[in-house]
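Novice:
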Amino acid sequence: MQYQAPTRLDDVAALLASAGGHGRVMAGGTDLLARFAGGMPRPAVLVDIKRVAELMVIEQDSDGGFTVGAGVCGAAINENAILRQAWPGVTEAMDLIGSVQIQGRASLGGNLCNASPAADSVPALIAAGASCRILGSRGERTLAVADVIHSPGKTCLGTDEFIVSFYLPPRPARSADAYLRLIPRSEMDIAVAGAAVNLTLDDEGVVVSASVALGAVSPVPLLVPRAADVMLGTRLDNDVMVQLKSVVSASCRPINDKRGTIDYRNHVAGVLAVRAALIAGQRATAKERA
Amino acid sequence: MKHATKKPLRSVGTRPVRPDGIDKVTGRALFSADFNLPDALHGAVLRSPFAHARILSIDTTRALALAGVKAVVTASDMPAIPDDKVMINAQPPDFRDMSANILAREKVLYEGHAIAAVAAKDAETANRALQLIDIEYEVLPHVIDVQQAMEPGAPLLHENLITKGINPAPVQASNIASRHEQVHGDVELGFAQADIILTEEFTTQPVHQGYIEPHACLARVASDGQTEIWCSSQGQFMVRAYCARLLDMPLSQIRVMPLEIGGGFGGKTTVYLEPLAVLLSRKSGLPVKMQMSRADVFRATGPAPGSYISMKIGARKDGTLVAAQGILCYQAGAFAGSPVRLGCMTAFAPYDIANVKLIGYDIVVNRPKSAAYRAPGAPMASFAAESLIDMLAQRLDMDPIDLRIRNAAREGTRTAYGPSFKEIGYLETLEAARAHPHYAAPLGKNQGRGVASGFWFNIGGQSSAALTLNEDGTVMVATGNPDIGGSRASMALMAAEVLQIDVSQVRPQIVDTSSIAYSDLTGGSRVTFAVGMAVIQAASDMVVKLQERAATLWDVSVEHVRWQDGCAVTDVEGREERLSLAALAAQTAKTGGPIAAHVSLNAQGAGPGFGTHICDVEVDPDTGRVTVLRYTAVQDVGKAVHPSYVEGQLQGGAAQGIGWALNEAYMYDENGAQLNPGFLDYRVPVASDLPMIDTVLVEVPNPRHPFGVRGVGEVPIIPPLGAVANAVSRASGVRHVDLPMSPPAVLKAIQRAARRRR
Chain A
1 MQYQAPTRLD
11 DVAALLASAG
21 GHGRVMAGGT
31 DLLARFAGGM
41 PRPAVLVDIK
51 RVAELMVIEQ
61 DSDGGFTVGA
71 GVCGAAINEN
81 AILRQAWPGV
91 TEAMDLIGSV
101 QIQGRASLGG
111 NLCNASPAAD
121 SVPALIAAGA
131 SCRILGSRGE
141 RTLAVADVIH
151 SPGKTCLGTD
161 EFIVSFYLPP
171 RPARSADAYL
181 RLIPRSEMDI
191 AVAGAAVNLT
201 LDDEGVVVSA
211 SVALGAVSPV
221 PLLVPRAADV
231 MLGTRLDNDV
241 MVQLKSVVSA
251 SCRPINDKRG
261 TIDYRNHVAG
271 VLAVRAALIA
281 GQRATAKERA
Chain B
1 MKHATKKPLR
11 SVGTRPVRPD
21 GIDKVTGRAL
31 FSADFNLPDA
41 LHGAVLRSPF
51 AHARILSIDT
61 TRALALAGVK
71 AVVTASDMPA
81 IPDDKVMINA
91 QPPDFRDMSA
101 NILAREKVLY
111 EGHAIAAVAA
121 KDAETANRAL
131 QLIDIEYEVL
141 PHVIDVQQAM
151 EPGAPLLHEN
161 LITKGINPAP
171 VQASNIASRH
181 EQVHGDVELG
191 FAQADIILTE
201 EFTTQPVHQG
211 YIEPHACLAR
221 VASDGQTEIW
231 CSSQGQFMVR
241 AYCARLLDMP
251 LSQIRVMPLE
261 IGGGFGGKTT
271 VYLEPLAVLL
281 SRKSGLPVKM
291 QMSRADVFRA
301 TGPAPGSYIS
311 MKIGARKDGT
321 LVAAQGILCY
331 QAGAFAGSPV
341 RLGCMTAFAP
351 YDIANVKLIG
361 YDIVVNRPKS
371 AAYRAPGAPM
381 ASFAAESLID
391 MLAQRLDMDP
401 IDLRIRNAAR
411 EGTRTAYGPS
421 FKEIGYLETL
431 EAARAHPHYA
441 APLGKNQGRG
451 VASGFWFNIG
461 GQSSAALTLN
471 EDGTVMVATG
481 NPDIGGSRAS
491 MALMAAEVLQ
501 IDVSQVRPQI
511 VDTSSIAYSD
521 LTGGSRVTFA
531 VGMAVIQAAS
541 DMVVKLQERA
551 ATLWDVSVEH
561 VRWQDGCAVT
571 DVEGREERLS
581 LAALAAQTAK
591 TGGPIAAHVS
601 LNAQGAGPGF
611 GTHICDVEVD
621 PDTGRVTVLR
631 YTAVQDVGKA
641 VHPSYVEGQL
651 QGGAAQGIGW
661 ALNEAYMYDE
671 NGAQLNPGFL
681 DYRVPVASDL
691 PMIDTVLVEV
701 PNPRHPFGVR
711 GVGEVPIIPP
721 LGAVANAVSR
731 ASGVRHVDLP
741 MSPPAVLKAI
751 QRAARRRR
């Protein structure tokens with residue numbers, strides 16, 4: 001295995017293209033290195049992207065949108081107070097991944113490209129309406145995060161393509177998001193189910209826009225427009241929450257495995273979606289006061 | 001002995017930095033995988049992919065032909081164990097079973113069962129060689145559940161296994177290895193006196209000891225057969241004895257060097273890799289190093305057994321227990337020998353009950369052979385008994401500690417397993433728990449408080465210690481037991497106490513099997529008590545010698561010399577004369593040569609230990625997730641030699657017991673293969689899962705130890721299962737009888753209870 005650590009975007013694309021399908025991008029390496037240790041065959045070329053400047057920055061545009069480099073580590077994301085204030089759900093989802101040591105390495109780009117159904121940051125990014133900038137040897141394209149994962153372990157990226165950065169759109173006033181997951185432990189575990197909710201309220205506290213995304217309850221992280229529709233035009237009252245819970249539970253398509261049963265995952269996804277919606281609602285209201 | 005507990009103590013009971021502390025926090029300490037020799041080969045083990053299969057043939061030709069492969073061993077390289085060598089003094093372990101566990105003969109009995117081992121120039125070559133070993137299997141039906149294994153039609157692990165302990169002996173083979181019956185009083189008479197009878201069935205899952213250090217060793221066999229083994233274990237003499245027995249070698253040919261041990265908890269009281277490394281080194285003529293991966297540890301080393309327990313208690317309206325009865329079925333794993341008998345003995349030991357009848361069954365299943373785990377056999381039996389006591393308290397609307405106090409065993413109480421208790425401190429632990437601020441703290445919504453107690457025998461045993469006085473007056477203390485729980489610190493403190501010197505002047509050492517006389521392995525909470533006795537006696541002998549040497553120097557009779565503050569003291573014409581340890585050490589050439597004391601003894605008089613734990617939890621009624629809010633462990637420790645390490649024992653036992661209660665479980669697929677052989681999905685609690693565990697050391701001295709010491713390492717893992725289950729049951733309003741109480745299990749129990757209420 002050849003290790004390469006280029007510093008220019010074009011070199012990353014060129015290295016991947018010349019590897020002819022036998023190259024592999026490494027961001028934090030927190031999934032990849034563990035797989036190598038577990039006996040996974042190694043690629044011919046390992047491309048470490050953490051030395052490329054564009055992949056390591058967090059920037060806010062003049063209109064309020066954020067660009068987050070695909071290689072920025074979780075700790076850096078959570079130390080950015082402005083990003084955390086604008087996107088508390090996305091940042092808390094990233095913060096849930098692994099230990100302090102892992103937080104110093106793990107990235108949004110790696111979490112997405114690992115393509116696990118249980119990735120914590122992915123439902124939050126999907127609910128946020130995030131997109132990503134993808135670069136390959138034949139050029140550049142932009143894709144919604146919701147469209148990147150194809151099936152468990154597989155993305156729609158070409159073998160010469162990699163993610164440069166994520167884009168989080170500008171926020172209207174009274175907007176907030178939240179992410180919750182269930183694990184049997186308090187940390188250092190993989191989600192049994194996860195739910196992200198992103199809301200915008202009007203002056204009266206009525207939901208004017210909503211999105212709900214779920215993790216670990218289907219082959220790929222799941223956007224649930226029906227669940228968002230339940231909340232639109234409401235003040236998240238009890239009966240709305242009861243309805244949200246049942247719509248979410250009915251939308252799940254989980255499997256039985258060592259981390260949870262179908263019944264349990266369906267149930268818990270509903271519980272988490274309700275709790276996340278209430279937290280997002282409270283956060284949005286608090287922003288109004290602030 | 002001369003050193004009465006009444007005397008004020010200067011070293012025992014203090015908290016100096018441990019002698020091995022700097023090495024361990026800086027990474028300098030050598031654990032088993034840290035030891036290397038030049039030219040050492042890499043040893044690897046081929047393990048069964050099947051839970052149960054007959055081995056039709058093994059062909060190692062292709063593996064041996066691979067360049068870089070130096071040796072291959074299979075069961076045919078292990079000597080057959082003759083009938084008279086199966087056990088030592090008719091006591092377990094069974095060496096024929098141990099041999100077949102180390103390398104499978106005829107059949108593989110669990111997924112992960114070792115079949116062959118290879119030594120090669122590097123890990124890659126060794127692993128490739130494993131792939132080149134050709135094995136023909138006939139896959140057999142398997143059974144991993146203890147109740148299913150007892151069914152008449154269950155797949156048989158050992159076709160000739162006839163249940164022991166049944167008269168007349170059954171004619172049909174089964175998976176029931178033995179039946180054990182313990183009868184005290186007359187349970188029928190007892191239940192006839194009861195106003196309330198409570199019956200319940202309980203299940204617990206096997207749990208791994210979870211030591212952080214995987215098994216590893218390095219062996220070197222010289223051309224004359226002299227064999228050296230470097231490894232961590234719970235007893236270097238155990239490793240020597242077991243390897244000698246398994247490989248038919250004289251003990252004098254084996255020398256075992258103990259390396260630091262990264263946790264054992266009972267699981268390192270046997271051997272897995274060492275005999276393989278010796279065989280591979282003997283065949284190859286080179287040193288061989290072997291290491292297990294974490295997955296190997298989970299797939300092939302001992303968990304504590306899982307259990308199915310059916311139990312019944314009877315009480316009068318005032319709370320007096322009058323009878324207890326039960327059936328305990330323990331999963332031994334692939335070979336007989338679960339500690340079910342100890343489960344029967346300990347279940348109701350904290351209580352004075354006139355009529356107790358318990359029947360234990362030892363069951364073989366297609367899982368790794370179970371191994372000792374802190375207080376082997378006791379936690380699961382205690383979980384059942386303490387749950388029933390809590391149910392009784394709820395039924396009587398009585399405080400659960402008051403109920404236990406009413407029934408508590410005291411000095412003179414005849415135990416259900418035979419002997420009567422001498423001086424014990426159970427009542428004192430209950431009173432301390434009741435008086436603790438934790439017990440009176442308010443509880444919120446969805447919160448509950450559980451209490452449970454536990455008992456462990458503690459043992460003494462064969463122990464050796466050697467003290468030598470250095471030329472500058474400092475002292476070396478050598479013992480033959482690994483430092484698994486701070487024993488270096490404890491030995492140094494006890495020696496310093498007797499010599500009346502500062503502990504900094506004492507350097508403790510753990511030495512190899514050729515450097516000191518035999519000691520039993522580290523287990524049964526025996527080392528501080530029993531090896532400590534050898535240290536104390538050796539230090540006392542040294543004091544006598546020092547007084548004699550001083551008498552020689554002063555030319556006075558030894559009766560006129562006393563030992564005080566680390567000095568020999570005498571009165572000359574009304575004036576006090578002193579000779580310090582350093583002064584005496586400097587003049588040994590004049591007084592008869594170097595000064596040393598070596599004591600070997602078989603320590604008797606271990607003091608039983610009792611603990612009472614209080615646990616607060618909050619249950620999330622929508623997800624079933626349990627959070628432990630507060631935890632207090634109270635234990636009678638006799639005398640805490642180094643209180644910090646005693647508190648650490650209590651906290652560690654509580655943490656392991658909480659894991660057992662809440663989330664630890666093996667998961668298997670339909671073929672009997674483990675799905676979670678790693679710490680990600682085998683959920684030992686992480687630090688953030690636990691509150692700071694508060695401890696209360698109750699000191700009711702054991703009068704048969706010079707300083708009053710009782711063993712402390714095992715009691716603290718017994719009460720947590722019951723304490724957590726009782727807390728979760730009270731918080732959720734539904735009784736939980738199956739462990740672990742994982743979120744889905746708790747939610748299901750809550751939902752089932754809600755449906756019943758509708």
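Top to bottom, those sequences are chains A and B.
In terms of the UniProt record's numbering, the first sequence has 40 at position 40, counting the first letter as 1, and numbering is strictly consecutive.
In terms of the UniProt record's numbering, the second sequence has 740 at position 740, counting the first letter as 1, and numbering is strictly consecutive.
Using N, Cα and C, we set each Cβ at its ideal position, and we do this for glycine too.
If you run the structure through DSSP and keep just helix, strand and coil, what is P258/B?
Specialist: On the second sequence, position 258 is the one that residue 258/B refers to. Three-state DSSP puts P258/B in a strand.
Novice: What separation, rounded to the nearest whole angstrom, lies between the Cα atoms of C156/A and A124/A?
Specialist: Indexing the first sequence from 1 puts residue 156/A at position 156. Indexing the first sequence from 1 puts residue 124/A at position 124. Cα to Cα, C156/A sits roughly 19 Å from A124/A.
Novice: Whole alpha helix (DSSP H) runs in the stretch 403 to 484 of chain B with 4 or more residues, listed along the chain?
Specialist: Here the runs fully enclosed are 426 to 435, 437 to 440.
Novice: With DSSP run on the structure shown, which of helix, strand or coil describes T591/B?
Specialist: Your numbering for residue 591/B matches position 591 in the second sequence. If DSSP states are grouped into helix, strand and coil, T591/B belongs with the helices.
Novice: Can you have a look at E618/B and say buried or exposed, based on whether 16 or more other CB atoms are within 10 angstroms of its CB?
Specialist: To locate residue 618/B, count along the second sequence from 1; it is residue 618. E618/B comes out buried.
Novice: Give the residues of chain B in contact with E187/A, contact being defined as C-beta atoms less than 7 Å apart.
Specialist: Taking the first sequence and counting its residues from 1, the one referred to as residue 187/A is at position 187. By Cβ distance, chain B contributes V686, S688.
Novice: Closer than 9 Å, CB to CB, is residue 315/A near chain B or not?
Specialist: Only positions 1 to 290 of chain A appear in the structure, and residue 315/A is not among them; the question remains open.
Novice: DSSP has G611/B in a bridge; who is on the other side?
Specialist: Walking along the second sequence from the start, residue 611/B turns up at place 611. Its beta-bridge partners are G454/B, Q635/B.
Novice: Starting from the beta carbon of N671/B, find every residue of chain A whose beta carbon is closer than 8 Å, and list them in chain order.
Specialist: Taking the first residue of the second sequence as 1, we reach residue 671/B at position 671. The contacting residues do not exist; N671/B stays about 14 Å from chain A at best.
Novice: Using a Cβ cut-off of 8 Å, pull out every chain A residue sitting near R625/B, in sequence order please.
Specialist: Counting from 1 along the second sequence, the entry for residue 625/B is found at position 625. Within chain A, the residues near R625/B are L182, P184.
Novice: Please list, in chain order, the chain B residues whose beta carbon lies closer than 7 Å to that of Y3/A.
Specialist: Mapped onto the first sequence, residue 3/A falls at position 3. Result: empty, since nearest Cβ-Cβ is about 19 Å, beyond 7 Å.
Novice: Which residues bound the beta strand (DSSP E) around M26/A?
Specialist: For the purposes of this step, residue 26/A is identified with residue 26 of the first sequence, where counting begins at 1. Here the beta strand (DSSP E) through M26/A covers 23 to 26.
Novice: Check the Cβ of L675/B against every Cβ in chain A and list those closer than 9 Å, keeping chain order.
Specialist: Counting from one through the second sequence, the residue named residue 675/B turns up at place 675. Result: D257, K258.
Novice: Expressed to the nearest angstrom, what Euclidean distance is found between the alpha-carbon atoms of Y631/B and S249/A?
Specialist: Against the second sequence, residue 631/B aligns to sequence position 631. Against the first sequence, residue 249/A aligns to sequence position 249. If you take the alpha carbons of Y631/B and S249/A, they lie about 36 Å apart.
Novice: Identify whether D122/B lies in helix, strand or coil by the three-state DSSP scheme.
Specialist: Against the second sequence, residue 122/B aligns to sequence position 122. Three-state DSSP puts D122/B in coil, outside helix and strand.
Novice: Counting C-beta neighbours from all protein chains within 10 Å, is the total for K2/B 16 or more, i.e. buried, or is it exposed?
Specialist: As a first step, residue 2/B is located in the second sequence; it is residue number 2 there, counting from the start. At K2/B the pLDDT is 43, less than 50, meaning the model places this residue with poor confidence and gives no usable figure here.
Novice: Secondary structure at V171/B, three-state DSSP: helix, strand or coil?
Specialist: For the purposes of this step, residue 171/B is taken as residue 171 along the second sequence, with counting starting at 1. Here V171/B sits in coil by DSSP.
Novice: Taking a Cβ distance cut-off of 7 Å, strictly less, list which residues of the stretch 271 to 283 of chain A are near chain B, in chain order.
Specialist: Of all residues in the stretch 271 to 283 of chain A, V271 have a Cβ within less than 7 Å of some Cβ in chain B.
Novice: Just the Cα atoms here: how many angstroms apart are A745/B and L189/B?
Specialist: Locating residue 745/B in the second sequence gives position 745, where the first residue counts as 1. Locating residue 189/B in the second sequence gives position 189, where the first residue counts as 1. Taking the straight line joining both Cα atoms gives about 38 Å.
Novice: Would the stretch 510 to 529 of chain B and the stretch 251 to 271 of chain B be scored as touching if the rule is three or more Cβ pairs under 8 Å?
Specialist: Segments in contact, yes.
Novice: Is the shortest distance between the beta-carbon of V268/A and the beta-carbons of chain B less than 9 Å?
Specialist: Residue mapping note: residue 268/A aligns to position 268 of the first sequence, counting from 1. Yes, V268/A lies at the interface with chain B (some Cβ there is under 9 Å from its Cβ).
Novice: Would you mind sorting A4/B into buried or exposed? The rule is 16 or more other CB atoms within 10 Å of its CB.
Specialist: On the second sequence, residue 4/B is found 4 positions in, with the first residue counted as 1. In this prediction, A4/B scores a pLDDT of 44, lower than 50, which makes its location untrustworthy; the coordinate-derived value is nonetheless stated afterwards. Classification of A4/B: exposed, given that the 10 Å Cβ count is below 16.
Novice: Could you say which of Y272/B, A749/B, L521/B, D390/B lies nearest to N726/B if we only look at CA atoms?
Specialist: Along the second sequence, one-based indexing puts residue 726/B at 726. With distances taken between Cα atoms, N726/B lies closest to D390/B.
Novice: Can you look up K258/A in the DSSP assignment and give me helix, strand or coil?
Specialist: Along the first sequence, read from residue 1 onward, the residue named residue 258/A stands at position 258. DSSP places K258/A in coil when its eight states are reduced to three.
Novice: Excluding the five sequence neighbours on either side, which residues of its own chain have a C-beta within less than 6 Å of the C-beta of R549/B, listed in chain order?
Specialist: Residue 549/B sits at position 549 when you count from the first residue of the second sequence. Once the five neighbours on either side are set aside, the close Cβ partners of R549/B are L584, T591.
Novice: Just how far apart, CA to CA, sit V628/B and R133/A?
Specialist: As a working note, residue 628/B is residue 628 in the second sequence. As a working note, residue 133/A is residue 133 in the first sequence. For V628/B and R133/A, the distance between alpha carbons rounds to 44 Å.
Novice: For M494/B, report the span of its alpha helix (DSSP H) as first-last.
Specialist: Here residue 494/B refers to the residue found at position 494 of the second sequence. Segment 487 to 499, the alpha helix (DSSP H) holding M494/B.
Novice: Thinking just about the alpha-carbon of each residue, which of E181/B, I115/B, S729/B, M741/B is nearest to the one in A133/B?
Specialist: As a working mapping, residue 133/B is identified with position 133 in the second sequence. Sequence check: residue 133/B is Ile here, not Ala. The option with the nearest alpha carbon to I133/B is I115/B.
Novice: Based on DSSP bridge pairs, tell me the residues matched to Y137/B.
Specialist: Start at 1 with the first residue of the second sequence, and residue 137/B comes out as number 137. Looking at the DSSP assignment, Y137/B forms a beta bridge with I55/B.
Novice: Give the single residue among V626/B, G485/B, D34/B, A551/B whose Cα lies nearest to the Cα of D689/B.
Specialist: Taking the second sequence and counting its residues from 1, one reaches residue 689/B at position 689. Closest by alpha carbon: V626/B.
Novice: Please decide whether T261/A counts as near chain B, where near means a Cβ-Cβ distance under 9 Å.
Specialist: Indexing the first sequence from 1 puts residue 261/A at position 261. Closer than 9 Å to some Cβ of chain B, the Cβ of T261/A qualifies, so yes.
Novice: Along the chain, where does the alpha helix (DSSP H) containing G121/A start, and where does it finish?
Specialist: Residue 121/A sits at position 121 when you count from the first residue of the first sequence. One detail in the question is off: residue 121/A reads as Ser in this sequence, not Gly. 121 to 128 is the extent of the alpha helix (DSSP H) around S121/A.
Novice: Could you spell out the range, first to last residue, of the beta strand (DSSP E) harbouring K24/B?
Specialist: Numbered from its first residue, the second sequence carries residue 24/B at position 24. No beta strand (DSSP E) holds K24/B; the alpha helix (DSSP H) holding it covers 21 to 26.
Novice: Please determine, among A195/A, L168/A, V242/A, the residue with the shortest C-alpha to C-alpha distance to V224/A.
Specialist: Here residue 224/A is taken as the residue at index 224 of the first sequence, counted from 1. The shortest Cα separation from V224/A among A195/A, L168/A, V242/A belongs to A195/A.
Novice: Just to confirm the assignment, what range does the beta strand (DSSP E) spanning I693/B have?
Specialist: To locate residue 693/B, count along the second sequence from 1; it is residue 693. Looking at the DSSP string, the run of the beta strand (DSSP E) that includes I693/B is 693 to 698.
Novice: What in chain A is Cβ-close to M667/B, meaning under 7 Å?
Specialist: The residue given as residue 667/B occupies position 667 in the second sequence. The contacting residues are K258.
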